[in-house]
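In this note's numbering, each number is its position in the sequence shown, counted from 1, plus 17.
Every residue gets a Cβ at the ideal spot worked out from N, C-alpha and C, and that includes glycine.
Below you'll find the structure, written out as structure tokens, and then a few comments.
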Amino acid sequence: MSLIKQIQVTFDCAEPERVARFWCEVLGYVVPPTPEGFATWDDFTRSLPAEQRDAWFACTDPSGVGPRLYFQRVPEGKVVKNRVHLDVRTATGLVGEERLATLEAECARLVALGAVHVRTLVADEENESCIVMQDVEGNEFCLD
18 MSLIKQIQVT FDCAEPERVA RFWCEVLGYV VPPTPEGFAT WDDFTRSLPA
68 EQRDAWFACT DPSGVGPRLY FQRVPEGKVV KNRVHLDVRT ATGLVGEERL
118 ATLEAECARL VALGAVHVRT LVADEENESC IVMQDVEGNE FCLD
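Structure, rendered in structure tokens:
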């Protein structure tokens, strides 16, 4: 029996490149190299049939550790809450005021990139603080 060694996280979206570039900034990911024979991604895109242009985009962890993120254009918009979301581990190991300050600083950076701050969940007896956010197309994620 073979073990799965890698996963890819796929996002349905309206503007794949825009959403991919947002997540590159959030996570420090990079756009993969262009396909062989093309100097730029624009050159590659222009080579495709019109209906396939801007249909997808991807980004990868430059260290090769994290999963590839794949963004595919779909005709319908987001209607309800995500069933799966990413936790962006910004404040791992931090607690109390230090954790909250770190989360708030990252929240401000991401809002400047186009994210939306939904709500801050302050620590209680069971859970540490986290911040619920949305990316540039409304997909929920948490700063944790």
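Given a length threshold of 3 residues, each whole run of the beta strand (DSSP E) inside the region 24–55 is given here in chain order: 25–30. Nearest to D104 by C-alpha distance, out of F28, E157, P50, is E157.
About 18 Å separates the beta carbons of A37 and G94, which is beyond the 8 Å limit, so they are not a contact pair.
Residue pairing from DSSP leaves E142 without any beta-bridge partner.
Within its own chain, the residues whose Cβ lies closer than 7 Å to the Cβ of I24, once the five positions on either side in sequence are excluded, are P84, listed in chain order.
Here the region 139–147 makes contact with the region 113–124; the two share three or more CB pairs at distances below 8 Å.
Between Y87 and A75, the C-beta gap is smaller than 8 Å, which places the two residues in contact.
R63: member of the alpha helix (DSSP H) spanning 58–64, first to last residue. Assignment of A129 by DSSP, reduced to helix, strand and coil, places it in the helix class.
Under the DSSP assignment, A72 falls outside any beta strand (DSSP E); it carries neither an H nor an E label.
Counting the other Cβ atoms within 10 Å of the Cβ of A108 gives 16 or more, which makes it buried. Taking F39 as the centre and dropping the five residues before and after it, the same chain places the C-beta of L130, G131, A132, D152, V153 closer than 8 Å to its C-beta, in chain order. Counting other Cβ atoms within 10 Å of its Cβ, L127 reaches 16 or more and is therefore classed as buried. DSSP places E154 in the coil class of the three-state scheme, outside both helix and strand.
Within a 10 Å sphere around the beta-carbon of L65 sit fewer than 16 other beta-carbons, which makes this residue exposed.
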